[in-house]
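K.L.:
Residue numbering for the sequence shown is 4 to 275, as defined by the working numbering.
Every residue, glycine too, gets a C-beta built ideally from N, C-alpha and C.
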Amino acid sequence: PVLNRSFLSLDKIGAVHGLSLFFAVLIGVLVAPSFRQRIYSGRHVKSIRQSFYLSGGLYLVFASVPAIIGMAAYALNPALENSAFSFPYMAFELLPFGLAALVIIAGLSATISSASSDAIAAVSVLIRDIYSLVFKRMPHAKDVVILSRIGLVMTIGIALLLALLTNDVIGYITNMIATLMSGLCVCVLFGHFWPRFNWQGAITALVVSLSVSLAIIVTPNWLAYWGNPIMPATLASSLCAAIVTLVTPMQKHTSAQALAILQAEREEMQHD
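Okay, here's the thing in structure tokens:
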């Protein structure tokens, strides 16, 4: 179709929807839990930087592959109803059955590998942060394994339930990024570049982004205009977090002191 031949297909999806999708992917990469897991588990700064350089290069190369597969699938079958089926459609239509099955298995293994790293990061947050917030102490070393298994089952179960409730993979991912990660992105960027940023601002960023995103998702007219809530959620979260940070007291601990506290808590959990 003529609409699909425009630059980035903006004539078809619209400039606002195109920007929303771009920022959803950008924020999803910036705040991916698996990336922070590499920072925590890295041996030294040099190896962490090399990991990020390699990951960034692979992202740039891989970014063109889904687009090419999608365009080829649409050219071969314009009646394909769900774009999420482009990859399996191309594999089974163009390749021998055995090779197509091998390609599908490789794609599934890559997806599972990515999901496993995110699940590990989620369990780490549950054990390291949420547990200590609720019980006011770090878990005992002998309880870490069983708590991790329980957290893993809960994380995978919730993710599976939410995935089963959607028919649009891209819409589901972008809405989840806007709801759960836009505020976290504000916290990460403000925390890195603005020493004045405090915990009150961080809580505000998370609450505002969640509220704005859910409000847009449940309002059809707003969702139809924005495509997904990522831009208004991030902008509102940034503005409110900055205001709250400026009107609340500065944090008492320096970055070095905060790092020392985290290290002490980590050692307490490991050597309890």
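Quick check on the burial criterion: 16 or more other C-beta atoms within 10 angstroms. Buried or exposed for Ser119?
P.N.:
It counts as exposed.
K.L.:
Taking Leu238 as part of the alpha helix (DSSP H), name the residues at either end of that continuous run.
P.N.:
Segment 233 to 250, the alpha helix (DSSP H) holding Leu238.
K.L.:
Hey, does Val64 have any beta-carbon neighbour from chain B nearer than 8 Å?
P.N.:
Looking for chain B here will not work: only one protein chain is present.
K.L.:
For Phe200, count neighbouring Cβ atoms within 10 angstroms of its own Cβ and tell me buried if that reaches 16, exposed if not.
P.N.:
Looking at its Cβ environment, which holds 16 or more other Cβ atoms inside 10 Å, Phe200 is buried.
K.L.:
Quick check on DSSP: helix, strand or coil for Gly174?
P.N.:
Correct three-state label for Gly174: helix.
K.L.:
Going by the CB atoms, is the gap between Ser86 and Asn231 shorter than 8 Å?
P.N.:
In this structure, Ser86 does not lie closer than 8 Å to Asn231 by Cβ.
K.L.:
Helix, strand or coil for Met157? Go by DSSP, reduced to three states.
P.N.:
Note: Met157 maps to helix in three-state DSSP.
K.L.:
For the alpha helix (DSSP H) containing His20, list its first residue and its last residue.
P.N.:
Element bounds for His20: 18 to 33.
K.L.:
Write down the C-beta distance between Leu209 and Leu187 rounded to the nearest angstrom, noting that I regard them as a contact closer than 8 Å.
P.N.:
Yes, they are in contact, since the Cβ atoms of Leu209 and Leu187 sit about 7 Å apart, within 8 Å.
K.L.:
One question on the structure: do Met184 and Val34 come within less than 8 Å of each other, judged by their Cβ atoms?
P.N.:
For Met184 and Val34, yes; Cβs fall inside 8 Å.
K.L.:
Mind checking Tyr62: buried by the 16 CB within 10 Å criterion, or exposed?
P.N.:
So Tyr62 ends up on the exposed side.
K.L.:
Quick one: is the Cβ of Met253 within less than 7 Å of any heavy atom of the ligand MN?
P.N.:
The ligand MN is not among the ligands present in this structure, which contains no ligands whatsoever.
K.L.:
Quick test of the definition: if touching needs 3 or more C-beta pairs under 8 Å, does the stretch 92 to 112 touch the stretch 216 to 230?
P.N.:
In short, these stretches do not touch, since the Cβ pair count stays below three.
K.L.:
Once you ignore the five residues that flank Ile130 on each side, which residues in its own chain have a CB closer than 7 Å to its CB?
P.N.:
The answer, listed in chain order, is Pro142, Val147, Leu150, Ser151, Gly154.
K.L.:
Among the residues of its own chain, which have a CB less than 7 Å from the CB of Phe125, if the five just before and after it don't count?
P.N.:
According to the sequence displayed, residue 125 carries Ala and not Phe. The residues are Pro36, Thr158.
K.L.:
If I measure Cβ to Cβ from Leu213 and keep anything under 7 Å in the same chain, skipping five residues before and after, which residues do I get?
P.N.:
Within the same chain, Leu213 has close Cβ partners Thr182, Gly186.
K.L.:
Following the continuous alpha helix (DSSP H) through Leu168, name the residue where it begins and the one where it ends.
P.N.:
Per DSSP, Leu168 belongs to no alpha helix (DSSP H) and is neither H nor E.
K.L.:
State the DSSP-derived secondary structure class of Ala181, mapped to helix, strand or coil.
P.N.:
Helix.
K.L.:
Exposed or buried, Ile161, counting other C-beta atoms within 10 Å across all chains shown (16 or more means buried)?
P.N.:
By the neighbour-count rule (16 or more Cβ atoms within 10 Å), Ile161 is not buried but exposed.
K.L.:
To the nearest whole angstrom, what separates the beta carbons of Ser89 and Leu97, a pair I think is in contact under 8 Å?
P.N.:
Not really, about 12 Å apart at Cβ, beyond 8 Å.
K.L.:
Output needed for Gln203: all residues of its chain with C-beta closer than 6 Å, excluding positions within five of it in sequence on either side, in chain order.
P.N.:
Val247, Thr251.
K.L.:
Sorted by chain position, which residues of the same chain lie with C-beta nearer than 6 Å to Val189's C-beta, five sequence neighbours on each side aside?
P.N.:
Within the same chain, Val189 has close Cβ partners Ala208, Ser240, Ser241, Ala244.
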